[in-house]
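Novice: Chains as they are written, first to last, in this note's numbering: chain A, 0 to 309; chain B, 4 to 261. All C-beta atoms, glycine included, are put in the ideal place defined by N, C-alpha and C. Below you'll find the structure I mean.
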């Protein structure tokens, strides 16, 4: 069986499949449960300066098994309360990536410092939530802002910093390049695609917040394109996500340039057992295709796309 | 799947409790819940109090501001329903003790209905603050269940907690299972009363809920999610959580002690 272990910057991962931010990350017990179910690591909910209840329900809408729309509104217990949840996950032996969101570089640095102090192995900066006023995409759509935020956090902490990039911008590759200039150890992509559902009988948006973000198998081709373009622009590792629910989905992302992966909506559609399905299936698939190690397949599609002499 | 339906009936069960009936064809089992959407307001998890046939129902007690507004919904009002979600009571036990406190009878009554239809003996310990608040007393009696009542003020049945009635019943006759729903402190006492007799206890547990799809973590209970792994949990499973009867989480995920 092929070797699935990878290094994400300085962080060794037992397999490339991380629990994506926003899924199961409010409680430490849930993060520990995802780790025990076979995740290669877990990314926390995005944590802000204080407790935030998020938007009223409805917060989700589903489309068969191919898509999910959500506008949770970044609910989280706040950085004062959250360290006890991280401690539970670390106590279970999990590799933990702490996700934070903020409105500007100074607050990102302060939150990043506090999250790093909990003992997490890396940070992920939420520069890409598509439905929270003053946060996420609103602060992560300009290359200069992304570079400034990443630089501020990198100066404040010693753990690797991953910048999570929005697909809701003209040039996600340019945002990834800006994050790299700012000192990011890796970039992750994609966050959800800004999206809307309307109930025609009620003549109103389904979600209480109106706009939300689309995830699930429907967004996979968009995520692949973002990862592909980023791989052409940057040298730091890429964490790919967006609609990964089968081993071949994962391998597509790897061949497009991703070194690690995150899994989110598939937990809702297929259950947490999806981590074992993905790891077992990917190891078998790599073996069939002649790759001894996952690392050997990273970016393979780019090499095929560039014939010798071209 | 989500559907928008018109409320077809409204019944005031007690001074603080209302049943809403609505057309919803999906098959459902006692113990399961739906997400009930009041457009422009909120969407709440509600255990089904009527599970059989194309007309389902929920029975709501005035608790928070939204559930208070649910009580005022008039027949004809358009609401959203998605589900049913979650697990159900195992209906195989032949001699069942039901312990219901407050609005807990809402989820236990349809379970009793099905159990009686399958030929089980059903005994109900039903508690409320005062006699007019005894939810579904007549519904339980109509299914030929033995009903024992406790009220805080002694206005009907034994004066005091329903847990004392439950403990007495457990001492008087053998049961194959206890089904309970009510305040967590009450359910913990039921578990303690049943433990020395080796009677398995199943609790319907409530938590703040958002997605109901096992994803958002709002309803985390130890390593479980109430929306997918519950809402019905065995006492053994609950013993593995640090939460049950101790704390729940608010909308932001902060731990709030009971």
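Is the region 210–221 of chain A touching the region 241–254 of chain A in the sense that three or more CB pairs, one from each, lie closer than 8 angstroms?
Specialist: Yes: at least three Cβ pairs fall under 8 angstroms.
Novice: Whole angstroms is fine: what's the gap from residue 228 of chain B's alpha carbon to residue 302 of chain A's?
Specialist: Each residue's alpha carbon lies about 44 angstroms from the other.
Novice: Would the region 99–116 of chain B count as touching the region 169–184 of chain B if we require 3 or more Cβ pairs under 8 angstroms?
Specialist: Touching, per the Cβ criterion.
Novice: Is the distance from the Cβ of residue 262 of chain A to the Cβ of residue 16 of chain A below 8 angstroms?
Specialist: Yes, the Cβ-Cβ distance between residue 262 of chain A and residue 16 of chain A is below 8 angstroms.
Novice: Residue 81 of chain A lies in the beta strand (DSSP E); which residues open and close that run?
Specialist: Element bounds for residue 81 of chain A: n/a, residue is neither H nor E.
Novice: Roughly how many angstroms separate the alpha carbons of residue 138 of chain B and residue 176 of chain B, rounded to a whole number?
Specialist: Spanning the two alpha carbons is a distance of roughly 24 angstroms.
Novice: I'd like the span of the alpha helix (DSSP H) that includes residue 280 of chain A, first residue to last.
Specialist: Here the alpha helix (DSSP H) through residue 280 of chain A covers 273–287.
Novice: Looking only at its chain, what residues have a beta carbon closer than 6 angstroms to the beta carbon of residue 50 of chain A, apart from the 5 residues adjacent to it on each side?
Specialist: Counting only Cβ-Cβ distances below 6 angstroms, and skipping sequence neighbours, we find 76 and 77.
Novice: If we cut at 8 angstroms on Cβ distances, does residue 74 of chain A have a partner in chain C?
Specialist: Given the protein chain composition of this structure (A and B), no chain C is represented.
Novice: Using a Cβ-Cβ cutoff of less than 8 angstroms, which residues in the same chain neighbour residue 46 of chain A once the five nearest sequence positions on both sides are dropped?
Specialist: Taken in chain order, the residues that qualify are 75, 76, 77, 78, 81, 97, 98, 99, 100, 110 and 114.
Novice: Where does residue 61 of chain A fall in DSSP's three states?
Specialist: If DSSP states are grouped into helix, strand and coil, residue 61 of chain A belongs with the strands.
Novice: How would you write the range of the alpha helix (DSSP H) that residue 111 of chain B sits in, first residue to last?
Specialist: It spans 108–120 - the alpha helix (DSSP H) in which residue 111 of chain B sits, taken as one unbroken run.
Novice: Quick one, which residues of the region 217–236 of chain B are near chain A if we go by CB-CB under 9 angstroms, in chain order?
Specialist: Under the 9 angstroms Cβ criterion, the region 217–236 of chain B contributes 217, 218, 219, 220, 221, 223, 224, 225, 226, 227, 228 and 231.
Novice: How would you write the range of the alpha helix (DSSP H) that residue 213 of chain B sits in, first residue to last?
Specialist: Unbroken run through residue 213 of chain B: none, as it is neither H nor E.
Novice: What residues are listed by DSSP as bridge partners for residue 125 of chain A?
Specialist: According to DSSP, which records beta bridges pairwise, residue 125 of chain A is partnered with A:163.
Novice: If you drop the 5 nearest sequence neighbours on each side, which residues of the same chain put their C-beta closer than 6 angstroms to that of residue 160 of chain A?
Specialist: Once the five neighbours on either side are set aside, the close Cβ partners of residue 160 of chain A are 122, 152, 153, 183 and 184.
Novice: Taking Cβ-Cβ distances shorter than 7 angstroms, what residues in chain A pair up with residue 9 of chain B?
Specialist: Under the 7 angstroms cutoff, chain A gives no residues; its nearest Cβ is about 10 angstroms from residue 9 of chain B.
Novice: When the cut-off is 8 angstroms and only beta carbons count, does residue 260 of chain B lie next to chain A?
Specialist: Chain A contact via Cβ: absent.
Novice: Please list the segments of the beta strand (DSSP E) lying wholly inside the region 136–180 of chain B, counting only runs of 3 or more residues, in order along the chain.
Specialist: Entirely contained in the region 136–180 of chain B, the beta strand (DSSP E) runs reaching 3 residues are, in chain order, 149–154.
Novice: Please work out which residues of its chain come closer than 6 angstroms, Cβ to Cβ, to residue 88 of chain B, disregarding the five sequence neighbours upstream and downstream, and give them in chain order.
Specialist: 36, 215 and 230, listed in sequence order.
Novice: Going by Cα to Cα distance, which pick from A:228, A:31 and A:66 is closest to residue 211 of chain A?
Specialist: That would be A:66, whose Cα lies nearest to the Cα of residue 211 of chain A.
Novice: Would you mind sorting residue 145 of chain B into buried or exposed? The rule is 16 or more other CB atoms within 10 Å of its CB.
Specialist: Exposed: under 16 other Cβ atoms inside 10 Å.
Novice: When you compare the region 155–169 of chain B with the region 75–94 of chain B, are there three or more beta-carbon pairs, one atom per stretch, that lie closer than 8 angstroms?
Specialist: Segments in contact, no.
Novice: Report the residues of the region 42–54 of chain B with a CB closer than 8 angstroms to any CB of chain A, ordered along the chain.
Specialist: Answer in chain order: 42, 43, 44, 45, 46 and 47.
Novice: Output the distance between the C-alpha atoms of residue 92 of chain A and residue 134 of chain A, rounded to the nearest integer angstrom.
Specialist: In a straight line, the C-alpha of residue 92 of chain A is about 31 angstroms away from that of residue 134 of chain A.
Novice: According to the Cβ coordinates, are residue 100 of chain B and residue 169 of chain B closer than 8 angstroms?
Specialist: In this structure, residue 169 of chain B lies closer than 8 angstroms to residue 100 of chain B by Cβ.
Novice: Using Cβ-Cβ distances below 8 angstroms, what residues of the region 22–34 of chain A are close to chain B?
Specialist: Flagged, chain order: 22, 23, 24, 25, 26, 28, 29, 31 and 32.
Novice: Rounded to the nearest angstrom, what separates residue 235 of chain B and residue 32 of chain B at their Cα positions?
Specialist: Going from the Cα of residue 235 of chain B to the Cα of residue 32 of chain B covers about 12 angstroms.
Novice: With 8 angstroms as the threshold, decide whether the Cβ of residue 58 of chain B is near any Cβ in chain A.
Specialist: No, no contact with chain A.
Novice: Do residue 84 of chain B and residue 39 of chain B have their CB atoms nearer than 8 angstroms?
Specialist: Result yes, Cβ atoms of residue 84 of chain B and residue 39 of chain B sit closer than 8 angstroms.
Novice: Check this for me: beta carbons of residue 52 of chain A and residue 254 of chain B, under 8 angstroms apart or not?
Specialist: Contact flag set, yes.
Novice: Looking at chain B, is there any beta carbon in it that lies within less than 8 angstroms of the beta carbon of residue 309 of chain A?
Specialist: Unreliable placement is indicated for residue 309 of chain A, whose pLDDT of 47 sits below 50; the coordinate value is still reported in the next sentence. Closer than 8 angstroms: no.
Novice: Under 8 angstroms by Cβ, that's how I've got residue 124 of chain A and residue 162 of chain A pegged, so tell me the actual separation to the nearest angstrom.
Specialist: Sure, about 5 angstroms apart at Cβ, within 8 angstroms.
Novice: Along the region 191–204 of chain A, what residues have a CB closer than 8 angstroms to any CB found in chain B?
Specialist: Listed in sequence order: 198, 200, 201 and 203.
Novice: Where does residue 269 of chain A sit, in a helix, a strand or coil, going by DSSP?
Specialist: In this structure, residue 269 of chain A counts as helix in the three-state DSSP scheme.
Novice: Less than 8 angstroms between the beta carbons of residue 72 of chain A and residue 43 of chain A, yes or no?
Specialist: Going by C-beta atoms, residue 72 of chain A is not nearer than 8 angstroms to residue 43 of chain A.
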